[in-house]
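Written below as structure tokens is the structure these notes are about.
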Amino acid sequence: MTTTDAAEAPPPERLQEHFDATIARDQRIEPRDWMPDGYRKTLVRQIAQHAHSEIIGMQPEGEWITRAPSLRRKAILFAKVQDEAGHGLYLYSAAETLGADRADLTERLIDGRQKYSSIFNYPTPSFADVGVIGWFVDGAAICNQVPLCRSSYGPYARAMVRICKEESFHQRQGYELLMTMMRGSAAQREMVQDAVDRWWWPSLMMFGPPDDASPNSARSMAWKIKRHSNDELRQRFVDMTVPQAAKLGVTLPDPELRWNEERGHHDFGTPDWDELMRVIKGDGPCNAQRIQRRRAAHEAGAWVREAATAHAAKQAARGKKGAAA
Amino acid sequence: MSDDHVYLTLAEGHEDDTRWAYGTGFEDPLHGVDTTVPDGVDAGELAAECVALADDALVSAQRLAEWVTRAPELEEEVALANIGLDLLGQARLLYSRAGQVDGTGRDEDAYAYFRDAGDFRNVTLAELPGGDFAFAIVRLLVLSSWRLAHFRRLVTHPDPVLAAVAAKGVKELTYHRQYAAEWAVRLGDGTDESHRRMRAALERVAPYLGELHTAHDARDELADVLRQVTEAAGLPLPVYRPLPDSGRAGEHTEHLAPLLTELQGVARAHPEATW
Numbered sequence: 069m070t071t072t073d074a075a076e077a078p079p080p081e082r083l084q085e086h087f088d089a090t091i092a093r094d095q096r097i098e099p100r101d102w103m104p105d106g107y108r109k110t111l112v113r114q115i116a117q118h119a120h121s122e123i124i125g126m127q128p129e130g131e132w133i134t135r136a137p138s139l140r141r142k143a144i145l146f147a148k149v150q151d152e153a154g155h156g157l158y159l160y161s162a163a164e165t166l167g168a169d170r171a172d173l174t175e176r177l178i179d180g181r182q183k184y185s186s187i188f189n190y191p192t193p194s195f196a197d198v199g200v201i202g203w204f205v206d207g208a209a210i211c212n213q214v215p216l217c218r219s220s221y222g223p224y225a226r227a228m229v230r231i232c233k234e235e236s237f238h239q240r241q242g243y244e245l246l247m248t249m250m251r252g253s254a255a256q257r258e259m260v261q262d263a264v265d266r267w268w269w270p271s272l273m274m275f276g277p278p279d280d281a282s283p284n285s286a287r288s289m290a291w292k293i294k295r296h297s298n299d300e301l302r303q304r305f306v307d308m309t310v311p312q313a314a315k316l317g318v319t320l321p322d323p324e325l326r327w328n329e330e331r332g333h334h335d336f337g338t339p340d341w342d343e344l345m346r347v348i349k350g351d352g353p354c355n356a357q358r359i360q361r362r363r364a365a366h367e368a369g370a371w372v373r374e375a376a377t378a379h380a381a382k383q384a385a386r387g388k389k390g391a392a393a
Numbered sequence: 005m006s007d008d009h010v011y012l013t014l015a016e017g018h019e020d021d022t023r024w025a026y027g028t029g030f031e032d033p034l035h036g037v038d039t040t041v042p043d044g045v046d047a048g049e050l051a052a053e054c055v056a057l058a059d060d061a062l063v064s065a066q067r068l069a070e071w072v073t074r075a076p077e078l079e080e081e082v083a084l085a086n087i088g089l090d091l092l093g094q095a096r097l098l099y100s101r102a103g104q105v106d107g108t109g110r111d112e113d114a115y116a117y118f119r120d121a122g123d124f125r126n127v128t129l130a131e132l133p134g135g136d137f138a139f140a141i142v143r144l145l146v147l148s149s150w151r152l153a154h155f156r157r158l159v160t161h162p163d164p165v166l167a168a169v170a171a172k173g174v175k176e177l178t179y180h181r182q183y184a185a186e187w188a189v190r191l192g193d194g195t196d197e198s199h200r201r202m203r204a205a206l207e208r209v210a211p212y213l214g215e216l217h218t219a220h221d222a223r224d225e226l227a228d229v230l231r232q233v234t235e236a237a238g239l240p241l242p243v244y245r246p247l248p249d250s251g252r253a254g255e256h257t258e259h260l261a262p263l264l265t266e267l268q269g270v271a272r273a274h275p276e277a278t279w
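Chains as they are written, first to last, in this note's numbering: chain V, 69 to 393; chain B, 5 to 279.
See below:
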């Protein structure tokens, strides 16, 4: 049983106090526990945005499944994109434990009321992009998501444990593809460097705006929905990526990037925050295309979902008739 | 928590890379299997059979991959990808076997990426483009039922490799057929629109069923499945007559070449590359 047992439930006037104490003890909030409206809304927004990102995130790489240049890479990519659909499913389910509805969240995505990660609004013109997305984008996602395995909301935290394990496979597969390409032809090495140049800055933006411009962060950290600030995670990502780039033999496109002995971290340049804002507001290279594809699939599938519902209803009616006879 | 190391340890050695994802890590899928062609088995015939079955699977997987990000529901996104991955796995094993026994020593990619349409031996139903979810379901029902019937016979094939591939495939194809049959019934029974779309899909598929009749001896089982499913779905049984081989003889519709252009384009643009 959960903490919702009648015997354990606090009296109404002490619900907030009980919630605060649960958070303070680093214990989990479960679906049937009382929670403040703001906490519920913040979680639904964050989990839905994360689910949408998984689903929209299938598109940039999914383009390459039919064109992957070896059967092994084709299978890896097919499996990866399938995993992303699975992640979307877990996350929508986690949102549903908070009273959200998947169909409604999908509507909100395709009519622009809810967001997804801005990184997926960039194009994937070469097969090296598949590798760099694995290395940078999945890597940044891991940095963001590993702390979420300790998120205060139980279903979200548990979904993240599984998702992080799979993301780490994807990330290593991406890095291994790049290693292989860097050992290949000159044209392949150029493709890798070009993809690194294009994805580096957008990847740094995946951690969100700088802390002093991130209005919701402080409250999410107080509620332990979020565990580290945007800037802390971004620094961690840079520090981990620099030696990996050296081992791969690529250059990260930032002239200000250097080790700072005193800080024990790398210094690095400032991402173009205006670009991030433009892409978030819908003016990235592929925003319209991504939403259009999702909308087209959703609308083209309406008759299938209606047929499934109608069949289930007919079956139920036939079952009742059979039982009554 | 310890998962924090995931990104940190990325550049270190990975001895366990083979376990990354299903069917994706190994260089030689038939490593450790006795690959000698048994006495009494004609190597040329065996290779031709492996290539034909691999081509059916690869071309079908390519069409299923086109559904990625376009499926009517996330559950179907996952299921169609799963089926595509199974078929891709079957194709890889069968190409590898063909390369061992036809004397050329070619690897799986040589068959998939460096043959032209006229060299492919898939049945033409597999290569037909586009269509709605009803068409995808009808085609999957037909091809999975037919392939399953054939694989069940191949389980006792004198070639141990082909027999092993078939044994693995039977489990996968049983699920594919089940998935397609369930959807066929749902759509046939569901709404007027879904019923109409299923009828149209059956009509579109019917002309290509004749080819399946002569290519293998699995015809009775396929006919049985179609009868059962159309009956449960309240749909008419498609009418068709046996036709001579076309895809199996290398004669394809105009749709195969563009499919292969997409599949092979990057590999052929970089023939000197390793991926």
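Just so you know, even glycine gets a beta-carbon here, dropped at the ideal spot from N, CA and C.
Proximity winner among the options, relative to residue i (alpha-carbon distances)
i                      : options                    : result
residue 208 of chain B : B:138, B:88, B:112         : B:138
residue 170 of chain V : V:85, V:179, V:160         : V:160
residue 155 of chain V : V:120, V:187, V:182        : V:120
residue 123 of chain V : V:392, V:365, V:373        : V:365
residue 26 of chain V  : V:103, V:97, V:94          : Summary: the structure shown does not reach residue 26 of chain V, with chain V confined to residues 69 through 393, and so no result is reported for it.
residue 176 of chain B : B:155, B:253, B:188, B:194 : B:155
residue 108 of chain B : B:47, B:94, B:142          : B:47
residue 145 of chain V : V:173, V:279, V:200        : V:200
residue 216 of chain B : B:141, B:125, B:159        : B:125
residue 177 of chain V : V:336, V:224, V:310, V:361 : V:361
residue 185 of chain B : B:161, B:235, B:197, B:212 : B:235
residue 179 of chain B : B:50, B:39, B:90, B:74     : B:90
residue 268 of chain V : V:181, V:110, V:323, V:80  : V:323
Rounded C-alpha distance that separates residue i from residue j
i                      : j                      : result
residue 54 of chain V  : residue 331 of chain V : The question about residue 54 of chain V has no answer here: the residues shown for chain V are numbered 69 through 393.
residue 259 of chain V : residue 266 of chain V : 11 Å
residue 376 of chain V : residue 191 of chain B : 7 Å
residue 136 of chain V : residue 205 of chain V : 19 Å
residue 28 of chain B  : residue 108 of chain V : Unreliable positioning characterises residue 28 of chain B in this predicted model, as indicated by a pLDDT of 45, which lies under 50. A coordinate reading is not provided.
residue 163 of chain V : residue 277 of chain V : 24 Å
residue 86 of chain B  : residue 243 of chain B : 31 Å
residue 290 of chain V : residue 212 of chain V : 17 Å
residue 165 of chain B : residue 166 of chain V : 51 Å
residue 261 of chain V : residue 247 of chain V : 12 Å
residue 20 of chain B  : residue 385 of chain V : Note that residue 20 of chain B scores 48 on pLDDT, short of 50, meaning its location in the model is unreliable; the coordinates nonetheless yield the value given after this. Roughly 53 Å between the two C-alpha positions.
residue 374 of chain V : residue 117 of chain B : 40 Å
residue 117 of chain V : residue 358 of chain V : 15 Å
residue 168 of chain B : residue 263 of chain B : 29 Å
residue 78 of chain V  : residue 238 of chain B : 56 Å
residue 84 of chain V  : residue 347 of chain V : 38 Å
residue 368 of chain V : residue 356 of chain V : 18 Å
residue 42 of chain B  : residue 106 of chain B : 14 Å
residue 240 of chain B : residue 231 of chain B : 9 Å
residue 192 of chain V : residue 99 of chain V  : 39 Å
residue 224 of chain V : residue 100 of chain B : 43 Å
residue 92 of chain B  : residue 89 of chain V  : 52 Å
Neighbouring residues, chain V, relative to residue i (Cβ below 7 Å)
i                      : result
residue 276 of chain B : 253
residue 66 of chain B  : 134
residue 113 of chain B : 138, 139
Span of the beta strand (DSSP E), counted from its first residue to its last, around residue i
i                      : result
residue 335 of chain V : 333-335
residue 328 of chain V : 326-328
Within chain B, the residues that residue i reaches when beta carbons sit closer than 9 Å
i                      : result
residue 382 of chain V : 193, 194
residue 163 of chain V : Near residue 163 of chain V there are no residues of chain B at all, since even the closest Cβ is about 13 Å away, more than 9 Å.
Amino acids of chain V, ordered along the chain, whose beta-carbon sits closer than 9 Å to that of residue i
i                      : result
residue 137 of chain B : 368, 369, 371, 372
residue 246 of chain B : Neighbours of residue 246 of chain B on chain V: none; closest Cβ ~33 Å, over 9 Å.
residue 198 of chain B : 371, 372, 374, 375, 376, 378, 379
Enclosing alpha helix (DSSP H) for residue i [first to last residue]
i                      : result
residue 285 of chain V : 285-290
residue 221 of chain V : First-last for residue 221 of chain V: undefined, no H or E at that position.
residue 151 of chain B : 137-158
residue 307 of chain V : 298-316
residue 155 of chain V : 139-164
residue 255 of chain B : Careful: residue 255 of chain B lies outside any alpha helix (DSSP H) and carries neither H nor E.
residue 130 of chain V : 126-130
Per-residue contacts from residue i into chain B (C-beta, under 7 Å)
i                      : result
residue 361 of chain V : 73
Any non-hydrogen atom of the ligand COA closer than 7 Å to residue i Cβ
i                     : result
residue 90 of chain B : Ligands displayed in this structure: none; no statement on the ligand COA is therefore possible.
Partner residues on chain V for residue i, Cβ-Cβ distance less than 8 Å
i                     : result
residue 89 of chain B : 143, 146, 147, 150
Interface residues of the segment 128-157 of chain V facing chain B [CB-CB below 7 Å]: 130, 133, 134, 135, 137, 138, 139, 140, 141, 142, 143, 144, 146, 147, 149, 150, 153, 154, 156, 157
Quick one, which residues of the segment 220-242 of chain B are near chain V if we go by CB-CB under 8 Å, in chain order? none
With 7 Å as the C-beta to C-beta threshold (strictly closer), list the residues of the segment 253-279 of chain B near chain V in chain order. 266, 267, 269, 270, 271, 274, 276, 277, 278, 279
Of the residues that make up the segment 318-349 of chain V, which ones have a beta carbon closer than 9 Å to any beta carbon in chain B? none
Proximal residues, the segment 239-270 of chain V versus chain B, C-beta separation under 8 Å: 239, 240, 241, 243, 244, 245, 248, 249, 251, 252, 253, 255, 256
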